[in-house]
Amino acid sequence: MRAIRRLFVSLRTKFIILFCVMITLPFIISGLLAYQKYSANSERNAEAYSEQIVEQVTINLERYIKEMDRITIALYYNPDVLQILKNHRGPLQNESYLKVDEISKMNQLISTGIIEQTEMEGLFIFALDGSLFSNLQETIRLSWKPESNSWMQQAKWKDGGLTIVPPMEGSYYLEAPKEVLSLARLIKDPVTNQDLGYVKADLTNAGFQKIVSSVKVTKNSQLYVFNEDFKRVYPFSDSRGDSYQDIVNKSTRDVLVSSRATAYGVLQIVGLIPREDVLSEAKQMTTYTLWISLCSLLMAYVAAVFTSSRMVKPIGHLQKKMRRVQNGEFHERAEVYSNDEIGLLTEGFNTMVSQLESMIKDMYELRLREKESELNALQSQINPHFLYNTLESISMAAHKQSNTELSDVITSLGKLLRYTVNKQERLVYLKDELAFVESYLNIQTFRLEDKLDSELRVDFLHEYALVPKLILQPLVENAIEHGPGSRPLKVTIYTRAEDNDLFIYVQDNGVGIPAERMKLIETRLAQQHELTQESASGQRSKGFALRNIHQRLRLLYGESYGLSIQSSAGSEGTTIVLRLPFQWEE
0 MRAIRRLFVS
10 LRTKFIILFC
20 VMITLPFIIS
30 GLLAYQKYSA
40 NSERNAEAYS
50 EQIVEQVTIN
60 LERYIKEMDR
70 ITIALYYNPD
80 VLQILKNHRG
90 PLQNESYLKV
100 DEISKMNQLI
110 STGIIEQTEM
120 EGLFIFALDG
130 SLFSNLQETI
140 RLSWKPESNS
150 WMQQAKWKDG
160 GLTIVPPMEG
170 SYYLEAPKEV
180 LSLARLIKDP
190 VTNQDLGYVK
200 ADLTNAGFQK
210 IVSSVKVTKN
220 SQLYVFNEDF
230 KRVYPFSDSR
240 GDSYQDIVNK
250 STRDVLVSSR
260 ATAYGVLQIV
270 GLIPREDVLS
280 EAKQMTTYTL
290 WISLCSLLMA
300 YVAAVFTSSR
310 MVKPIGHLQK
320 KMRRVQNGEF
330 HERAEVYSND
340 EIGLLTEGFN
350 TMVSQLESMI
360 KDMYELRLRE
370 KESELNALQS
380 QINPHFLYNT
390 LESISMAAHK
400 QSNTELSDVI
410 TSLGKLLRYT
420 VNKQERLVYL
430 KDELAFVESY
440 LNIQTFRLED
450 KLDSELRVDF
460 LHEYALVPKL
470 ILQPLVENAI
480 EHGPGSRPLK
490 VTIYTRAEDN
500 DLFIYVQDNG
510 VGIPAERMKL
520 IETRLAQQHE
530 LTQESASGQR
540 SKGFALRNIH
550 QRLRLLYGES
560 YGLSIQSSAG
570 SEGTTIVLRL
580 PFQWEE
């Protein structure tokens, strides 16, 4: 049976259809539900709005009363205020003498306490002998009369508690009496509990309005504030009008009434908000919703077409690059168009192709080196036992003739052959590698006589670290070949440990490396993936010994390890540093 071939639909078409469906269906459904639920929700929203307004006014008033309570009660802890009030404790006089320093201290203390209370008309301290202190010394009388301050009875009954006095005229102002709302308390001696005076903060109608002005109330709404005795304290005008119960009972279908009581200060807040004010904006929004929604729907369709094109473009570009890589063009890279998931996918693709290209080059280079090593091993393994036996015979003959020096050289040569031919390990102990280098130095010392000297300074703990085989001899050979000058050459090998890494130093006191030669060496060390013609063909090139060791360490341990030339300055010699990780067993 023949398989049915599916109809090809482009990704861009799928996105457009999906976007249109996702935009249109929610719009239709939400529009129908919003129209059906509008009537019920509008009533509930109006009530919630009314409650929020009254709640916010309650919070503001409670916060202000707490602040005024803090300011007035602070007088209990001020020794200057208490001392002045004790000096004016009585008896009550029509005119009392006030010292200049007393007036100055009181004025300064009061002004400091209310410096940020811009809505306050004034703060007053009434002494029991009839003296009056305030921050308004130039516009008030310096004495008070009991008959004009009936609020003191209520403050005395509170016995030091904060009292909210309904609006009344303040007779102690030099100008016409002002109608003020006051917060007052009795000041008592904290030690003897005797009465010392009264403190009173005045607020005009405009000042009280600042406290509630941060709350947005509708144009035709009304706000009322009552004290704990249900006497109106705001608004000031017609304060003998409707009582608290009359105003609360005004709730009808056209007016929303919300009431709250402060937890601190015992104030009752009542708000009257016409339903028409709350719902007017909602009704206007209903008129514009259809037109705005239709315009938004059209813009959404245009945005869907544009967005789908922008989303599909980088995907199509990535698809073309993947096809080229599939055909073997590993140098291709995709361009990143956006900083999103598609951009991350493109970056991941580029990284993957780069790593794949690098791995192919590394594998190719590694195979060439393996073939070169196999060829060298085959060339050096021509009957090794025959070579060992022959060298031992020559050494014994030299020993019989008392030629100890020649016998040692032949013995060292035998050790070199055994190390390079017999052992097939990839990693060896550092002590074995040093023994191999020491045998090589014995041969070179015999050849060069007093022109070569060597020194090995290696920590005993470092001798059992695993290192790549034949990693030091090329460096020593390079120093002997290029380092000699007018004075005898000395080669020193020492080690150093830092964190989890082992540093091996091969140092000589030769002629150093010229600047041009140094630049060439650094260039070759940076060639990570390119093989030279000599190394690729299996020929030994002295100029590439350092690079081969460097690449060998990087292939084994990673990019952070390798070879570096630490110092080279004219005739001061050369120091080559090998960095590799500590490894105790393979």
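Mapped onto numbering that gives the first Met the number 0, the consecutive letters of the sequence shown carry residue numbers 0 to 585. Idealized CB from N, CA, C, for every residue including glycine.
For residue i and residue j, what's the separation of their Cα atoms in angstroms?
i: ASN77; j: SER130; result: 18 Å
i: ALA434; j: SER453; result: 13 Å
i: LEU530; j: LYS13; result: Its pLDDT being 45, under 50, LEU530 is placed unreliably in this model, and the value from its coordinates should be taken loosely. Straight-line Cα distance between these residues: approximately 50 Å.
i: ILE113; j: GLN82; result: 21 Å
i: VAL436; j: ASP500; result: 22 Å
i: SER485; j: ARG516; result: 20 Å
i: THR345; j: HIS330; result: 15 Å
i: LEU317; j: GLU334; result: 8 Å
i: LEU17; j: TYR48; result: 39 Å
i: LEU460; j: ARG546; result: 29 Å
i: ARG62; j: ARG184; result: 18 Å
i: LEU289; j: ILE15; result: 24 Å
i: SER352; j: TYR556; result: Here residue 352 turns out to be Val, not Ser, going by the sequence shown. If I take the Cα positions, the gap works out to 23 Å.
i: TYR223; j: LEU271; result: 8 Å
i: GLN380; j: GLU369; result: For GLN380, the predicted structure reports a pLDDT of 48, less than 50, and the residue's modelled location is therefore unreliable. The matter cannot be settled from this model.
i: THR71; j: LYS230; result: 23 Å
i: SER540; j: ASN477; result: Note on SER540: pLDDT 46, under 50, position unreliable in the model; the coordinate value appears next. C-alpha separation (whole angstroms): 11 Å.
i: PHE207; j: ILE102; result: 28 Å
i: ASP431; j: LYS319; result: 55 Å
i: PRO513; j: ARG523; result: 15 Å
i: GLN325; j: PHE348; result: 12 Å
i: THR350; j: ARG323; result: 16 Å
i: LYS518; j: ARG578; result: 21 Å
i: LEU426; j: LEU367; result: 20 Å
i: THR261; j: LEU60; result: 8 Å
i: ASP507; j: GLU328; result: 48 Å
i: LYS65; j: LEU84; result: 24 Å
Could you pull the start and end residues of the alpha helix (DSSP H) that residue i belongs to?
i: VAL475; result: 472-481
i: SER453; result: Premise fails: SER453 lies in the beta strand (DSSP E), 451-456, not in any alpha helix (DSSP H).
i: LEU222; result: Per DSSP, LEU222 belongs to no alpha helix (DSSP H); it is in the beta strand (DSSP E), 221-225.
i: LYS177; result: Element bounds for LYS177: not the alpha helix (DSSP H) but the beta strand (DSSP E), 177-187.
i: LYS157; result: 150-157
i: TYR556; result: 544-556
i: PRO78; result: 78-86
Have a look at the DSSP bridge pairing and note the partners of residue i.
i: TYR525; result: Note that residue 525 is Ala in the sequence shown here, rather than Tyr. Beta-bridge pairing links ALA525 to no other residue.
i: TYR504; result: TYR493, VAL576
i: LEU131; result: PHE125
i: VAL198; result: ILE124, ARG184
i: LEU271; result: GLN221, VAL256
i: LEU488; result: LEU451
i: TYR172; result: ILE139
i: LEU562; result: LEU577
Cβ atoms of residue j and residue i: under 9 Å apart, would you say?
i: LEU429; j: THR494; result: yes
i: LEU195; j: ILE186; result: yes
i: ILE22; j: TYR300; result: yes
i: LEU488; j: LEU451; result: yes
i: VAL269; j: PHE225; result: yes
i: PHE123; j: GLU178; result: no
i: LEU255; j: GLU46; result: yes
i: TYR504; j: ILE548; result: no
i: ILE470; j: LEU552; result: yes
i: VAL164; j: LYS199; result: yes
i: LEU161; j: LEU127; result: no
i: SER257; j: GLU50; result: yes
i: GLY509; j: PRO483; result: yes
i: PRO313; j: ILE291; result: no
i: ARG88; j: GLN193; result: yes
i: SER110; j: ASN86; result: no
Locate the beta strand (DSSP E) running through residue i, then write down its first and last residues.
i: GLN116; result: It is not in any beta strand (DSSP E) - GLN116 carries neither H nor E in the DSSP assignment.
i: THR162; result: 162-169
i: VAL232; result: 231-233
i: LEU426; result: 426-428
i: LEU465; result: 465-467
Distance cutoff 9 Å, beta carbons only. Does residue i sit that close to anything in chain C?
i: PRO467; result: Among the chains in the structure shown there is no chain C, since it carries only a single protein chain.
| query | Three or more C-beta pairs closer than 8 Å, one from the region 113-121 and one from the region 196-213: is that the case here? | reply | yes
| field | Three or more C-beta pairs below 8 Å linking the region 143-154 and the region 169-189 | value | yes
| query | How about the region 446-466 and the region 556-563: do they share at least three Cβ pairs that are nearer than 8 Å? | reply | no
| query | Counting Cβ pairs, one atom from each stretch, are 3 or more of them under 8 Å apart for the region 50-70 and the region 91-104? | reply | no
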